[in-house]
Structure formats: C-alpha cells, structure tokens
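For reference, the structure is listed below as structure tokens.
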Ligand code: GBH
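Residue numbers (UniProt numbering): 3 to 467.
Given below as structure tokens:
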C-alpha cells in the first residue's frame, strides 16, 4: 500500500460492526459501591506522583450510576456494538472465592439495557484493574493469578453467557506487563525486566485458561485484544517504499517481535519468537515457562482485536541498553518522527493502520481482525453546547479510510470501535487527556456530543464515508 485515499466514497462490507469502547476503571467511578474491592489502580492512583494532578478513578464519569443515560447516548449514535470491561474487584473483591452478587447485578443491568437498545455487548474481562489482594500475592508475576483469572472468567460467563456472545479475555497484555511491571508507569508500578517477562507469560497463560473455560461453557466468540503497531524506520513513516538498511531492518524486526509477536505467536501459533526467549535468557531465565503452557496458551480463539494509535518508530542503535518497557530491545533506538501529533504527543499516521492490518492478516491468516480501539486526545472545549473537534474528526476519518484500504487489500477486518465513547480517566495522564467522542464535564457530569460523534453517527448510518 503506497497511497492513501484522502477523499471519495468508501463503503464497508455488509455486517461490518460499528461501535465504541470504554474500560471499567476509566469510567465507572463508584469505587467503593456495593462491595467492590480495591484494585491496583486504586492503590496506584492514591500514591503521590504516579498520576498527573493526583487524579483517581474514584468518581470518573460516574457511569456506574449513569449507565442508562450513557446507553441512551450510544443508541442515539446508532452504535451496533459497545465494548466495555468488567471490574474484576466488583465480582471478586479479593480476587478469589464467591462472587459478589451486587457486582454481578450491575453488569447484568448494563447488558440488559444494551440489548434493549439493540446494541451488542462486547465484554472484556480484564482491562488492567487487578484486585489488589492478588497483587499482594505477587500479581501477574505469580502463576496462581492466571488460574484465579480463569475462575473469574467462568463466573462471568455463567452470569452473562445467556445474553453475551462476544468475549474478550485481556486488553493489551503488553501494557499490563511492560508498563505495569517493566517501567512502572502503570499500576502496580513495579520495575523489573524479569518480573515484566514473567507477568507477560502469566497473562498469556490466564488468557489461554480463560479462553478454554469460556469455550467449554459455550461462548460463541472469543477474542484477545493487543496494542499493536507497524514498526517502521523514520524514513518509512512518510514514504512506505523508503530504503531500509540491514541494521535498521533488524531493529524493526526485533521491536515487532517484542510488541506484537510476543503475544500473538504464543496465542495463535503456540510458540514464543526467538527474540522473546533471548530477552528472558538475558533477564533471569525462562523457569516460569512450564511444560504444557504453550498448548494452554494456544487455545483456539476467533478474533484478534487491534488497538492502534500510532506506529512504533525505531532504528539501529548500536550499543544502546534495553528500554525499561522493552526487555530484549538492546541495540534498538526508539526514534521520533516528522508528523503532526495529538495531545498525547503521539504522531498521527493513518497509513500505519492499513499496513498493520494487512501484515497481521498475512501472518495470522486463520483469525479474524477487529479494530477494538482507535482514537485521539485533543484539548476540547465546549462552546455554546458544541465541541468543534475537527482534529479528532480528521484523525478518525483518516484511520477509517486506512481500515477500508486494508479490507480492499484482503484483510479480514470485521469491525471498528472508536476509543472512546466518553472522555475518561486516561491512566497516568488522569483527566487532562480527552479521548471521547462525547465530552464529559467532570464537575456536572454533563455529556455533550462532540462534532466527531455527530459525524460518526452519519458514518454508521451510511456504513461508510
Ligand atoms: C489504550 O492503551 C488503552 O487500552 C486505553 O485504556 C487507553 O485509554 C487508550 O489506549 C489511550 O491511551 O513506545 O514504550 O512509550 C494504549 C497503550 C500507549 C501502548 C502508548 C503503547 C507507547 C509505548 N499504548 N504506548 S512506548
């Protein structure tokens, strides 16, 4: 793919799924309601210096109490699908044992309200809010956590399986492992390459165990969601056919193995890439990988969800040590690029999405793909009841055109979910970064549809642009 369509009509395949995504800790608030236990994000955000402005998810968008209004907004936008996550500590306040009925009842009501509105629920079981009690026992560095996760998955299926067809085990295990245990920018804030690699393995093991539990209970569709990106050299960002030296190609290959193949090769092919095994050898070994684990992790799944925001840009960096979030990245330089950026400072490169989708559909031909997150933060303001977020609208339009190009090039892309429905708690960045197509006033909890939401409604109704 060398050219990007920039205008003209594009129509998506019949039955293409259009929706929006959120995550429990980022929107629910009600952190102590109805028996919810503390999660690692409650602990982390209460620790001075970890989250910008000391923000926490204590109140967030108060979605726990306002879910009916929020579903009405989704219906107004014409969404076919809503991807949300379940807060594990609402279901098992200490991460194991009997289910908390009040916690289950909330997701029960939410699912029923969605179904009444004609919106398909896409349930994610883990979007980073691990029960703190499990972290106290080692968190994802402990093998037991994988088994606790599978128990919890079975509880959720048991309660919602009669109405929910679309199940996701994990959201972005790379982030959980390498930002949570590697560079410590996310909860639980630990900083050890060995712990991060062990966490990555136990997340995968939990995924495999949960996928099998869901499958044997009768789940219709099972998905693993990864944060992925094409790995490009700086020159390739603006010129896909730019020449790449052998040393730069080696750097891109290594970063691709650490970011994407580290999770998708085990889950879909039943093995780790060489680069990951090398990373483990250099960081305390592979004793945590037991006989039989790879078969468990390789449990059949139906879809891979891709969260794409920007490309990963690297070049050869002779002699450089590994980045704390990237064990095994010795000799790789993470580069900056010439491109406009969002409020997160992330470069805007829509063509990266088509490259990524085409490559993944070639590398993993037996599984369908879905864009489960794509979106951008900008400094939005409400003026006379409107939010003129032209930059977000352009970002979304560019990425939808890129997604369509990928379909034309043969990628088996089933749907697109915008991140996010609502402005929300943006993890270490707190409330200062707004990703929603719906604006949230955190003083009044007023919701205002941004121009991008009005535009997206139109895209959905036309199944294209
Ligand atoms: C997603 O994470 C989350 O699923 C969602 O909850 C979140 O709100 C949303 O995106 C917006 O952030 O090159 O080492 O600096 C996105 C995670 C963030 C992962 C940027 C890769 C760069 C890693 N991505 N990150 S590094």
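Note that beta-carbon positions come from the ideal geometry of N, C-alpha and C, so glycine has one too.
| query | result |
| --- | --- |
| Where residue 245 falls, given that 16 or more other Cβ within 10 Å makes a residue buried | exposed |
| Coil, strand or helix - residue 225 by DSSP | strand |
| Ordered list of beta strand (DSSP E) runs contained in the stretch 282-350, each at least 3 residues | 305-309, 314-318, 334-336 |
| Closer than 8 Å: residue 90 CB and nearest the ligand GBH heavy atom | no |
| Residue environment, residue 240, which counts as buried when at least 16 other CB atoms sit within 10 Å | exposed |
| Through-space distance from residue 230 to residue 222, alpha-carbon basis | 25 Å |
| Check: residue 43 C-beta below 8 Å from any heavy atom of the ligand GBH | no |
| Coarse secondary structure for residue 86, derived from DSSP in three states | strand |
| Nearest neighbour of residue 267, chosen from 369, 9, 460 [CA to CA] | 369 |
| Neighbourhood of residue 14 by C-beta, 6 Å cutoff - its chain only, sequence neighbours within 5 removed | 465, 466 |
| Spatial distance of residue 443 from residue 454 (CA atoms) | 17 Å |
| Contacting residues, own chain, Cβ-Cβ under 6 Å from residue 457 (five flanking each side not counted) | 395 |
| Inside the stretch 95-142 only - alpha helix (DSSP H) runs reaching at least 4 residues | 103-118, 134-138 |
| Bounding residues of the alpha helix (DSSP H) (the contiguous stretch that carries residue 174) | Looking at the DSSP string, residue 174 is not in any alpha helix (DSSP H), and its letter there is neither H nor E. |
| Closer than 8 Å: residue 325 CB and nearest the ligand GBH heavy atom | yes |
| Spatial neighbours of residue 463 in its chain, beta-carbon cut-off 6 Å, leaving aside the 5 residues before and after | 80 |
| Given residue 66 as reference, the closest of 90, 11, 108, 172 once Cα atoms are compared | 108 |
| Distance cut-off 8 Å: residue 28 Cβ against heavy atoms of the ligand GBH | yes |
| The ligand GBH heavy atom lying under 8 Å from the CB of residue 181 | yes |
| Cross-strand partners of residue 450 (DSSP beta bridge) | 441 |
| Alpha-carbon spacing of residue 89 relative to residue 263, whole angstroms | 27 Å |
| The stretch 421-439 / the stretch 24-39 touching (three or more Cβ pairs under 8 Å) | yes |
| Simplified DSSP assignment, three categories, for residue 244 | coil |
| Supposed close pair residue 440, residue 451 - CB separation, criterion 8 Å | 6 Å |
| Pair within 9 Å by beta-carbon distance, residue 224 and residue 171 | yes |
| Inter-residue spacing [alpha-carbon to alpha-carbon] between residue 391 and residue 374 | 21 Å |
| Residue 147: first and last residue of the uninterrupted alpha helix (DSSP H) it sits in | 145-162 |
| Distance between residue 295 and residue 198 (C-alpha atoms, nearest Å) | 18 Å |
| Cα-Cα separation, residue 3 to residue 363 | Any answer about residue 3 is weak, because its pLDDT of 40 lies below 50 and its placement is not dependable; what the coordinates show is given next. So the alpha carbons of these two residues sit roughly 14 Å apart. |
| Residue 19 versus 340, 355, 447, 415, residue with shortest Cα-Cα distance | 415 |
| Cβ-heavy atom distance, residue 379 to the ligand GBH, below 8 Å | yes |
| Sequence-distant residues of the same chain with beta carbon closer than 6 Å to residue 445, five excluded per side | none |
| Sufficient close CB pairs (3 or more, under 8 Å) joining the stretch 392-412 to the stretch 157-164 | no |
| Coarse secondary structure for residue 81, derived from DSSP in three states | coil |
| Contact check, residue 393 vs residue 316, beta carbons under 9 Å | no |
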